[in-house]
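Undergrad: In terms of UniProt numbering, the sequence shown has 808 at position 808, counting the first letter as 1, and numbering is strictly consecutive. The C-beta atom is built at its ideal place from N, Cα and C for all residues, glycine as well. Note that the coordinates shown come from a computational prediction; the quantities given were computed from them, not determined experimentally. Structure in structure tokens, see below.
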Amino acid sequence: MLTLLLMAAQADTSAAPAIEQAIAAMTIEEKAAQLGNAAPALPRADLPAYDYWSEGLHGLARNGVATVFPQAIGLAATWDVDLLRRVGDVVSTEARAKFNALPRGADRPRFAGLHLWSPNINIFRDPRWGRGQETYGEDPYLAGRLGVAFVQGVQGPDAAHPKAIATPKHFAVHSGPEAGRNAFDVDVSPRDMAETYTPAFRRALTEGGALSTMCAYNAIHGVPACASASLLNEQARARWKFGGMIVSDCDAVGYIESFHNYRLDVPSAAAAALRAGTDLDCGPSYDALPEAVRRGLVTESEIDTALRRVLGSRAALGIAFGRQGRWDRIRPAQVDSRPHRDLALEAAEKSLVLLTNKDRLPLRPGLRLAVVGANADALDVLEANYHGTAAAPVTPLQGIRERFGTANVRYAQGGILAEGIAVPVPETALSADGRPGLRGEYFRGRTPQGRPVLTRQDRVIDFDWDRAPPAPGLTDRDYAVRWRGRLTPPGPGTYRLRIEVPRCFDCDGHDPVRLWIDGAPVIADAGRDDGVEAAVTFADTRPHDLRVELDHVSADGGIGLRWIAPAPAQLAEAVAAANDADVVIAFVGLSPALEGEALRLDVPGFVGGDRTKIELPEPQRALLTALATTGKPLVVVQMSGAAIADPWTKAQAAAAVAAWYPGQAGGTAIARLLAGDINPSGRLPVTFYAATRDMPAYIDYSMKNRTYRFFTGTPLYPFGHGLSYTRFGYAAAGPAAVSVAAGSGLDVAIRVTNSGPRAGEAVVQAYLAPTAPQAQGRTVPVLQRQLVGFRRVALAPGEHRIVRLAIEPRALSSVARDGTRTIVPGAYRLFIGGGQPGDADGLWTTVTITGTAVVQPE
1 MLTLLLMAAQ
11 ADTSAAPAIE
21 QAIAAMTIEE
31 KAAQLGNAAP
41 ALPRADLPAY
51 DYWSEGLHGL
61 ARNGVATVFP
71 QAIGLAATWD
81 VDLLRRVGDV
91 VSTEARAKFN
101 ALPRGADRPR
111 FAGLHLWSPN
121 INIFRDPRWG
131 RGQETYGEDP
141 YLAGRLGVAF
151 VQGVQGPDAA
161 HPKAIATPKH
171 FAVHSGPEAG
181 RNAFDVDVSP
191 RDMAETYTPA
201 FRRALTEGGA
211 LSTMCAYNAI
221 HGVPACASAS
231 LLNEQARARW
241 KFGGMIVSDC
251 DAVGYIESFH
261 NYRLDVPSAA
271 AAALRAGTDL
281 DCGPSYDALP
291 EAVRRGLVTE
301 SEIDTALRRV
311 LGSRAALGIA
321 FGRQGRWDRI
331 RPAQVDSRPH
341 RDLALEAAEK
351 SLVLLTNKDR
361 LPLRPGLRLA
371 VVGANADALD
381 VLEANYHGTA
391 AAPVTPLQGI
401 RERFGTANVR
411 YAQGGILAEG
421 IAVPVPETAL
431 SADGRPGLRG
441 EYFRGRTPQG
451 RPVLTRQDRV
461 IDFDWDRAPP
471 APGLTDRDYA
481 VRWRGRLTPP
491 GPGTYRLRIE
501 VPRCFDCDGH
511 DPVRLWIDGA
521 PVIADAGRDD
531 GVEAAVTFAD
541 TRPHDLRVEL
551 DHVSADGGIG
561 LRWIAPAPAQ
571 LAEAVAAAND
581 ADVVIAFVGL
591 SPALEGEALR
601 LDVPGFVGGD
611 RTKIELPEPQ
621 RALLTALATT
631 GKPLVVVQMS
641 GAAIADPWTK
651 AQAAAAVAAW
661 YPGQAGGTAI
671 ARLLAGDINP
681 SGRLPVTFYA
691 ATRDMPAYID
701 YSMKNRTYRF
711 FTGTPLYPFG
721 HGLSYTRFGY
731 AAAGPAAVSV
741 AAGSGLDVAI
751 RVTNSGPRAG
761 EAVVQAYLAP
771 TAPQAQGRTV
781 PVLQRQLVGF
791 RRVALAPGEH
801 RIVRLAIEPR
811 ALSSVARDGT
821 RTIVPGAYRL
831 FIGGGQPGDA
841 DGLWTTVTIT
851 GTAVVQPE
């Protein structure tokens, strides 16, 4: 009988005969084609065309309007397991809603399917990694718990009939460098592999029941991950009993030959991946499988085995072989519905981490505020990467104006984020018909001709229209836009003007854009990948006529008018705004233009999507220094996907907040925190180091002196850190010493009291440490402590509660140099409190483990 992909649904074999019949009727070329992500239609098997590649990292991505939650690192900062489950549920609900909007037999293009290639549960081992923003942080336990919740939310309560299929990635040992990821060979010790890099995957596949997983680009000890039988067949399938589908990262199978030089040609590479356990190839390389069979490199029976898992996944979803799904009644109206928008706001609020506060926050009513910084009013720092199209995104500037009153807020952009990186032309430089912004005219058709369907005032040109209409009355295809108005430079000098279109990377042609200043053409881009930037020199600050046009002819989606303005002029604007305010709120940090996946970028501090330095970039340090000269209280809000080393802010600012990339409701959430409408409750899922020099070499995958578990220095802000507007006290609720037999779990409790004036949520954290750090030699990581439990608890002023944590036996184990995991007898110390010992209040308990127990290996 056919074993379907679903581990928990092996009894549901009703689709088995149809799958076997379909496989038997296919030619070997047809079988190979069905093992690529863009599977063609096969009508005689009742298989419409279907692309398995869809994304759902922090909301349904790349398929039009969807609810955009905080980036994954922000979700991790919530430390809220139930929230992650609810977010996952919304992601798959919106995927189903869009899927159900088309006829059942319709072809499904890329990003329109139900196989979601999320979550990313790689360990964020080094803050320089540009894709660390996609992860749940640096701790395997936290990442595993949150990953399980997200997977379960995506797939739903019935493993036999999933709402969508989650795909934890990238298995395994993947966390940069981006510039060499396609050929990088990781030299990792057995201990680090078992202790750090695989536990979250084990948890997601075994406890979470993920029905798919993705192998990584990199090699491990010379073997590409997608060709590693020891990783895929032996570890995942044999040891973890994973029965699901394994998909390659995109083009990773081809890279086995072209980058890793592990095989001589594509047929050999395809055979190596298939035999190692990679079922589905994201890319065209499995088209070479018929040749691999003819050469005896792989058997047709092995192809059939992979095909059963792949087709079984479609059958389980109820989208093939005539099967009906229990989720067919989900309607398009559920996309970005009010409950989903409310959840996005809740997630954004819970993700905010109050780093430091010198009694300045929350802000009292009636203050005049200066909002400064390029990140205060930019769309990309809300949406991050791997995102959907937010229907009504709220930037921090908009949120603060709404909460505190426009008349009380003055805004200045203040400068750029980093040298050579353009930022949106701010509303302060744009005007039309006596009002801020530009007059936008929206047309049907591919050129801005005739009568516009809609004319409106657009505050800035900074739009995401990926698979979404730009305005009511238009579709997401065949439209054009013209903006007219005036551009007023803040000072004389040379300005670099740039029009950016979020370009579809595999489009046949791109959207042409054009720009005129005072009637003279400055940019005339006929759809090329370059040529969208020009330098313009202004002799003074008088207004200049501006016209911008966009012809939407491809699958590109959106447009941004950006610039690099002379620094002195923008700094003067910022200082003037600060001098006219009671409090300055500076929005600094990074952006998806600086950190991300394989970016074409090489500027000071940044290369290829990664960072070379973790300090706040120099242009922003200059901005903060200039603002400080005004003597006004300075609140700094960091928006980024990674830790930033900024000791100046910790020492000099009145308060500092880590806001990450907070999603569509980010501006509202930030404003509510500043006003005291909510009490900050986020906690850091990563260590904030004080300087780049505190970290080992970026390409070194050893965990020695990395993350809070092994770092021996003094961090700027430790993992688990986060302040509140109230005070939480911790008192004993059990004995000061406990004993547990090896192999048994440990139940502990603590009394938590809100002794402050406001309602708030404490995040109770438990850390286990050896009585003395175990010295294992200078080259071996020395474990300082490890997270073994956590729980959020909401308390009213004066309320107390007994919080109980069940610490699983595996969390009490140790990993030896050879990767074996054992519960070792001896004395340990358990700290339970509001963070790590030394950073937060809490209590120590002595834990004695008796006996020895071998734990199932990773």
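Touch check for the stretch 543–553 and the stretch 510–520: three-plus C-beta pairs under 8 Å?
TA: Touching, yes, given that three or more Cβ pairs across the two stretches are closer than 8 Å.
Undergrad: What is the DSSP secondary structure of D287, counted as helix, strand or coil?
TA: Three-state result, D287: helix.
Undergrad: Quick one: Cα of N579 to Cα of R331, how far?
TA: Whole-angstrom Cα-Cα distance: 52 Å.
Undergrad: Where does H510 land, buried or exposed, given buried means 16+ other C-beta within 10 angstroms?
TA: So H510 counts as buried.
Undergrad: What number of angstroms, rounded off, separates the C-alpha of Q776 from the C-alpha of P199?
TA: Low confidence applies to Q776: its pLDDT is 48, below 50, so where it sits in the model is not reliable, and the reading given next is rough at best. Answer to the nearest angstrom: the Cα atoms are 22 Å apart.
Undergrad: Look at A269 and V87 and say whether their C-beta atoms are less than 8 Å apart.
TA: For A269 and V87, no; Cβs fall outside 8 Å.
Undergrad: Could you tell me the alpha carbon to alpha carbon distance between G666 and P393, rounded to whole angstroms?
TA: Looking at the two C-alpha atoms, the distance is approximately 8 Å.
Undergrad: Enumerate in chain order the residues of its own chain whose CB-to-CB distance from R237 is below 7 Å, with the five nearest sequence positions on each side excluded.
TA: Here the set comprises G277.
Undergrad: Is it true that the stretch 615–623 meets the stretch 336–350, where meeting means three or more beta-carbon pairs spaced less than 8 Å apart?
TA: Judged by Cβ distances under 8 Å, the stretch 615–623 makes no contact with the stretch 336–350, as fewer than three pairs qualify.
Undergrad: Taking 8 Å as the threshold (C-beta atoms), are R239 and P857 in contact?
TA: Result yes, Cβ atoms of P857 and R239 sit closer than 8 Å.
Undergrad: Just how far apart, CA to CA, sit L634 and G399?
TA: Going by the C-alpha atoms only, they are around 18 Å apart.
Undergrad: Whose C-beta lies closer than 6 Å to the C-beta of R482 among residues of the same chain, with five residues either side of it excluded?
TA: Excluding sequence neighbours, R482 sits near E441, P448, E549.
Undergrad: Is the stretch 655–666 close to the stretch 62–79, with three or more CB pairs under 8 Å?
TA: With the cut-off at 8 Å, the stretch 655–666 and the stretch 62–79 touch.
Undergrad: Any idea if P604 is buried or exposed, counting beta-carbon neighbours within 10 angstroms, 16 or more meaning buried?
TA: Looking at its Cβ environment, which holds fewer than 16 other Cβ atoms inside 10 Å, P604 is exposed.
Undergrad: Looking at R203: is its Cβ nearer than 8 Å to the Cβ of G144?
TA: It is a contact, given that the beta carbons lie within the stated cut-off.
Undergrad: Strictly by DSSP, which residues pair up with Y717?
TA: BP columns for Y717 point to F688.
Undergrad: Run through the UniProt domain "PA14" (433–579) for me and flag every whole alpha helix (DSSP H) of 4 or more residues, listed as ranges in chain order.
TA: Counting only runs of 4 or more, we get 567–579.
Undergrad: Let me confirm a value: D433 is counted as buried when at least 16 other C-beta atoms fall within 10 Å, else exposed. Which label applies?
TA: Exposed, because fewer than 16 other Cβ atoms sit within 10 Å of the Cβ of D433.
Undergrad: To the nearest whole angstrom, what separates the beta carbons of L311 and V298, a pair I think is in contact under 8 Å?
TA: With a Cβ gap of about 18 Å, L311 and V298 do not count as contacting.
Undergrad: What does a CB cutoff of less than 7 Å around D556 pick up in its chain, not counting 5 residues either side in sequence?
TA: Once the five neighbours on either side are set aside, the close Cβ partners of D556 are V501, P502, R503, C504, C507, H510, D511.
Undergrad: Start and end of the alpha helix (DSSP H) containing L345?
TA: Looking at the DSSP string, the run of the alpha helix (DSSP H) that includes L345 is 338–351.
Undergrad: Count the other CB atoms, across all protein chains shown, that sit within 10 Å of the CB of V854; report buried if there are 16 or more and exposed otherwise.
TA: So V854 counts as exposed.
Undergrad: Can you tell which of A471, D525, H174 has the C-alpha that lies nearest to the C-alpha of E597?
TA: Comparing Cα-Cα distances from E597 to each of A471, D525, H174, the minimum goes to H174.
Undergrad: Check whether the stretch 627–641 and the stretch 578–592 are in contact - that is, three or more C-beta pairs closer than 8 Å.
TA: These segments touch.
Undergrad: The beta strand (DSSP E) with T850 in it runs from where to where?
TA: 842–850 is the extent of the beta strand (DSSP E) around T850.
Undergrad: A292 and I256 - do their beta-carbons sit closer together than 8 Å?
TA: No, these two residues do not count as a Cβ contact at 8 Å.
Undergrad: Expressed to the nearest angstrom, what Euclidean distance is found between the alpha-carbon atoms of L438 and A766?
TA: If I take the Cα positions, the gap works out to 54 Å.
Undergrad: Decide if the stretch 184–194 is in contact with the stretch 810–819; the criterion is three or more beta carbon pairs, one per stretch, under 8 Å apart.
TA: Counting Cβ pairs under 8 Å, three or more are found: they touch.
Undergrad: Which first and last residues belong to the alpha helix (DSSP H) in which V151 is found?
TA: First-last of the alpha helix (DSSP H) with V151: 140–155.
Undergrad: Skipping 5 residues on each side, what residues in its chain have a beta carbon closer than 7 Å to that of T852?
TA: Cβ neighbours of T852 beyond the five flanking positions: A742, T822, I823, V824, P825.
Undergrad: Going by beta-carbon coordinates alone, are G208 and G147 separated by less than 8 Å?
TA: Their beta carbons are under 8 Å apart, which means G208 touches G147 by this criterion.
Undergrad: State the DSSP-derived secondary structure class of L211, mapped to helix, strand or coil.
TA: If DSSP states are grouped into helix, strand and coil, L211 belongs with coil.
Undergrad: If contact is defined by three or more beta carbon pairs under 8 Å, each pair taking one atom from either stretch, is the stretch 719–733 in contact with the stretch 692–700?
TA: Taking 8 Å as the limit for Cβ pairs, the verdict is that the stretch 719–733 does not touch the stretch 692–700.
Undergrad: Please say whether G130 and residue 861 have beta carbons closer to each other than 8 Å?
TA: Here the chain has residues from 1 to 858 only, and residue 861 is not among them.
Undergrad: Note the first and the last residue of the continuous beta strand (DSSP E) segment covering L307.
TA: That residue, L307, is in no beta strand (DSSP E); its alpha helix (DSSP H) goes 300–317.
Undergrad: What residues are listed by DSSP as bridge partners for M639?
TA: Per DSSP, G589.
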